[in-house]
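Structure record follows, encoded as structure tokens.
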Amino acid sequence: MPLEVCCYSLSSCITAQRAGAHRVELCAGAEVGGTTPLRETIIAALDLGIPVVPMVRPRGGDFL
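For the sequence shown, this note's numbering assigns the number 1319 to the initial residue and increments by one for each residue that follows.
Structural data, given as structure tokens:
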């Protein structure tokens, strides 16, 4: 079964990869429930060789 891990930094992506994650959901803004990460962070995570699914959410709060 594929394992996807929610990561809020490049270092947590590396940890997830080393721990056996098959892909990561890359987010920013943990304190507001997750927002879209910076472009540079996405590119750096993609360079790790693990599939990356960036969260697309321009602001924190509810989903309305």
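In this text, a Cβ means the ideal position worked out from N, Cα and C, and glycines have one as well.
For Arg-1375, the three-state secondary structure derived from DSSP is coil. Val-1342 is classed as buried because its beta carbon has at least 16 other beta carbons within 10 Å across all chains shown. A check of alpha carbon separations from Gly-1351 across Glu-1322, Val-1323, Arg-1375 identifies Arg-1375 as the nearest.
If you look at Leu-1366, you'll find it isn't in any alpha helix (DSSP H); DSSP assigns it neither H nor E. Distances from the alpha-carbon of Leu-1366 to those of Pro-1320, Leu-1321, Ala-1339 put Ala-1339 closest.
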